Ligand code: FAD
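In the numbering used here, the protein residues as written are 2 to 444.
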């Protein structure tokens, strides 16, 4: 059982099952550093065709890692957009505190690192004959397919909220034009207006994201429209980092933010987009700006490929991210059912690196899936509560045969009574995290 990590062009031969955590992380760090490597296949390894579908945090990380640690394989990355627009920090853009251009990254470095970047949309996957069909009809054969298509914002789940409605009441849950639309609507809102933020039930991308957004919208309103109100209509009764968010709202925004939960009948059940009306079980609320975050599921191609189940998300074998529904296919990032791990860029990046290592190992030893690498993955989610203050939650996760489980006591939250200096330090850590992540994936 052999596993290869290439370090400055030199193949290091490691015994798979004994690959320890220090070496595993070393491999990951090395992989993301994008060094030069040998084009020759290590003895006994047949060069394989690895196709990665989706060039977001998960897919781009995975493609780059495989190209770095196993350059003998041909790695193709399919991504329709030439520019990736990152969601983390996009709430700052909505609040006028950051330029959208700071969220945007190209794929040139991935191409220079040996990834064959194909800018096209994948339309279909034939998982029996093992090829992906691109929008120009081209077929791309694979030995392993790694699917990382992110989410599809459901435009069929909330009555009245379809593609046209999203053009009037933006979700801004996929960064780009929607982000700018919401920012423009906020700045054009009349003084004393009401903004509504409708939050779906879990699971959805970035559990604390709506509440960070509420905080930053309130920060914007405080400065530009101080008599305005922000109403959060939540389909849940509890939310991520709730005590920390609520404390920050009381301290910084007073009565400006009102949160209503499912037990208050706040779940939005219907939308009248042209009239900007949100209907709940009890109320019919007309607002000036509505940010509707609808339910979500794995990107549409996951259903075409047969890797999504009835929940709309993709079941996987926890340790390897191998699809439970199709052979030779792995699913990572937001599209995958990773149980306790949240749908975050941090988690997508961590999953991608582990999946890359598992796939490379599997390509050199087809029995390796029976003895997957033992790894624990981390996640930290920072949330800004104002421009220069942030809070965080961290978790450590381990794969069991059935699920990714959080390790009790290994993570934690920002302290509730921390002084401002701690919140400001966390905002700086958040910036450091984003810069490091985006540089290591796209830089
Ligand atoms: P994506 O980043 O969405 O990438 C999927 C890619 O697949 C896209 O580039 C898409 O074009 C491509 N694709 C889709 N279909 C096809 C197809 N048919 N063919 C080819 N390509 C296809 N996470 C954090 O860790 N920290 C944060 O602070 C944070 N803040 C957030 C704030 C907001 C407002 C939001 C909405 C999200 C935030 N997130 C945060 C979550 C984070 O953005 C996602 O978890 C992360 O982007 C998931 O990565 P992914 O690669 O799975 O999906």
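We treat Cβ as the ideally placed atom computed from N, Cα and C, and that holds for glycine. The structure displayed is predicted, hence computed values, not measured ones.
First and last residue of the uninterrupted alpha helix (DSSP H) at residue i
{"i": "residue 436", "result": "421-443"}
{"i": "residue 130", "result": "Where residue 130 is concerned, there is no enclosing alpha helix (DSSP H), given that its DSSP letter is neither H nor E."}
{"i": "residue 218", "result": "210-225"}
{"i": "residue 1", "result": "Examination of residue 1 is not possible in this model, given that the chain is present from 2 through 444 alone."}
{"i": "residue 1", "result": "The displayed coordinates of the chain run from 2 to 444. Any statement about residue 1 would go beyond what the structure contains."}
{"i": "residue 486", "result": "Here the chain has residues from 2 to 444 only, and residue 486 is not among them."}
{"i": "residue 141", "result": "Counting along the chain, residue 141 falls outside any alpha helix (DSSP H), though it belongs to the beta strand (DSSP E) covering 140-142."}
{"i": "residue 55", "result": "Where residue 55 is concerned, there is no enclosing alpha helix (DSSP H), given that its DSSP letter is neither H nor E."}
{"i": "residue 167", "result": "164-169"}
Minimum C-alpha distance to residue i - residue among the options
{"i": "residue 317", "options": "48, 400 and 138", "result": "400"}
{"i": "residue 389", "options": "80, 210, 220 and 405", "result": "220"}
{"i": "residue 58", "options": "157, 87 and 83", "result": "87"}
{"i": "residue 378", "options": "430, 237 and 412", "result": "412"}
{"i": "residue 1", "options": "292, 218 and 150", "result": "The requested residue 1 is not part of the displayed model; the chain covers only 2 to 444."}
{"i": "residue 428", "options": "442, 408, 418 and 383", "result": "383"}
{"i": "residue 324", "options": "373, 277 and 147", "result": "147"}
{"i": "residue 328", "options": "128, 101, 421 and 100", "result": "128"}
{"i": "residue 103", "options": "441, 442 and 436", "result": "436"}
{"i": "residue 210", "options": "93, 423, 135 and 358", "result": "93"}
{"i": "residue 440", "options": "358, 61 and 255", "result": "61"}
{"i": "residue 376", "options": "212, 402 and 125", "result": "402"}
{"i": "residue 222", "options": "192, 246 and 248", "result": "192"}
{"i": "residue 85", "options": "120, 74 and 116", "result": "120"}
{"i": "residue 152", "options": "425, 303 and 116", "result": "303"}
{"i": "residue 130", "options": "266, 204 and 306", "result": "306"}
{"i": "residue 430", "options": "415, 201 and 443", "result": "415"}
{"i": "residue 391", "options": "198, 228 and 242", "result": "242"}
{"i": "residue 371", "options": "138, 321 and 54", "result": "321"}
{"i": "residue 212", "options": "249, 180 and 224", "result": "249"}
{"i": "residue 360", "options": "385, 251, 182 and 332", "result": "332"}
For residue i, the residue or residues it bridges with in DSSP
{"i": "residue 387", "result": "390"}
{"i": "residue 406", "result": "399"}
{"i": "residue 259", "result": "232"}
{"i": "residue 271", "result": "280"}
{"i": "residue 287", "result": "278"}
{"i": "residue 382", "result": "394"}
{"i": "residue 315", "result": "337"}
{"i": "residue 135", "result": "123"}
First and last residue of the uninterrupted beta strand (DSSP E) at residue i
{"i": "residue 281", "result": "278-281"}
{"i": "residue 77", "result": "75-79"}
{"i": "residue 106", "result": "105-107"}
{"i": "residue 84", "result": "84-86"}
{"i": "residue 417", "result": "It is not in any beta strand (DSSP E) - residue 417 carries neither H nor E in the DSSP assignment."}
{"i": "residue 116", "result": "No beta strand (DSSP E) contains residue 116, which DSSP labels as neither H nor E."}
{"i": "residue 147", "result": "145-148"}
Secondary structure of residue i, DSSP reduced to three states
{"i": "residue 331", "result": "strand"}
{"i": "residue 294", "result": "coil"}
{"i": "residue 47", "result": "coil"}
{"i": "residue 153", "result": "strand"}
{"i": "residue 338", "result": "coil"}
{"i": "residue 199", "result": "strand"}
{"i": "residue 308", "result": "coil"}
{"i": "residue 241", "result": "coil"}
{"i": "residue 300", "result": "coil"}
{"i": "residue 125", "result": "strand"}
{"i": "residue 111", "result": "helix"}
{"i": "residue 101", "result": "helix"}
{"i": "residue 92", "result": "helix"}
{"i": "residue 324", "result": "strand"}
{"i": "residue 29", "result": "Residue placement at residue 29 cannot be trusted, given a pLDDT of 38 that sits under 50; the coordinates are not used to answer."}
{"i": "residue 206", "result": "coil"}
{"i": "residue 370", "result": "helix"}
{"i": "residue 375", "result": "coil"}
{"i": "residue 174", "result": "coil"}
{"i": "residue 192", "result": "coil"}
{"i": "residue 249", "result": "helix"}
| Looking at C-beta atoms only, is the number of pairs between the segment 208-219 and the segment 297-316 that lie closer than 8 Å three or more? | No: fewer than three Cβ pairs fall under 8 Å.
| Are the segment 252-266 and the segment 102-110 touching by the rule of at least three beta carbon pairs closer than 8 Å? | With contact defined as three or more Cβ pairs closer than 8 Å, the segment 252-266 and the segment 102-110 are not in contact.
| said: Closer than 8 Å is the cut-off here; do at least three beta carbon pairs connect the segment 278-295 with the segment 225-243? | reply: Taking a cut-off of 8 Å on C-beta distances, the segment 278-295 touches the segment 225-243, as three or more cross pairs fall below it.
| query | So does the segment 295-306 actually touch the segment 180-198, counting three or more Cβ pairs closer than 8 Å? | reply | As far as the Cβ criterion goes, the segment 295-306 does not touch the segment 180-198, which means the pair count is below three.
| query | When the Cβ atoms of the segment 41-52 are set against those of the segment 136-155, are three or more pairs found closer than 8 Å? | reply | Inter-segment contact for the segment 41-52 and the segment 136-155 is present: three or more beta-carbon pairs are separated by less than 8 Å.
| message | Taking contact to mean 3 or more Cβ pairs, one atom from each stretch, closer than 8 Å, check whether the segment 333-347 and the segment 154-173 are in contact. | response | Three or more beta-carbon pairs separated by less than 8 Å are not found between the segment 333-347 and the segment 154-173, which leaves the two stretches without contact.
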